[in-house]
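> I have a structure here, written as structure tokens, and I will follow up with some questions on it.
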Amino acid sequence: MSTKGREAAKIAAIIGGGAVVGAALGLLLAPKTGAETRRDVARYAKRAQVQATRFSRSVKSGVSTMVERSKALVNRDDHKEAA
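Given below as structure tokens:
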């Protein structure tokens, strides 16, 4: 993984972790009924699931691109050596 990819992954992890901590604190400190809190937790879980799915698709796409570029470089180098 490139340095830029590692940095992007770190930033995404920090943002995700901050969101989880913030949501947990908000739920614990909010003066709501149990039903409201459960509804909020369910909504938050659904949003987190959607975001995780989007992030995993993005990572998968990036890895696929990186693999294809690597294959192209290897093939190019093989053709140079054969010539």
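Here the sequence shown stands for residues 250 to 332, numbered as in the numbering used here. Beta carbons are placed, not taken as given, at the ideal position from N, Cα and C, and that holds for glycine. This one's a predicted model, so the numbers in the text were calculated from it and none came from an experiment.
1. Could you tell me the alpha carbon to alpha carbon distance between GLY283 and ARG303, rounded to whole angstroms?
2. Given a cut-off of 9 Å on the beta-carbon distance, is the pair VAL312 and ALA258 in contact?
3. What does the alpha-carbon distance come out to for the pair GLY266 and ASP327?
4. In whole angstroms, give me the CA-to-CA distance for ALA268 and GLY275.
5. Alpha carbon to alpha carbon, how far is ARG325 from ALA231? Give it in angstroms, no decimals.
Inspection of the coordinates gives the following:
1. Stepping through the sequence shown from its first residue, residue 283 is reached at position 34. Stepping through the sequence shown from its first residue, residue 303 is reached at position 54. Their backbone Cα atoms lie some 30 Å apart in a straight line.
2. By 1-based counting over the sequence shown, the position of residue 312 is 63. By 1-based counting over the sequence shown, the position of residue 258 is 9. Their beta carbons are not under 9 Å apart, which means VAL312 does not touch ALA258 by this criterion.
3. For this step, residue 266 is matched to residue 17 along the sequence shown. For this step, residue 327 is matched to residue 78 along the sequence shown. Looking at the two C-alpha atoms, the distance is approximately 44 Å.
4. Translated into the one-based positions of the sequence shown, residue 268 becomes position 19. Translated into the one-based positions of the sequence shown, residue 275 becomes position 26. Their backbone Cα atoms lie some 10 Å apart in a straight line.
5. In the structure displayed, the chain extends from 250 to 332; residue 231 sits before or after that span and is not available.
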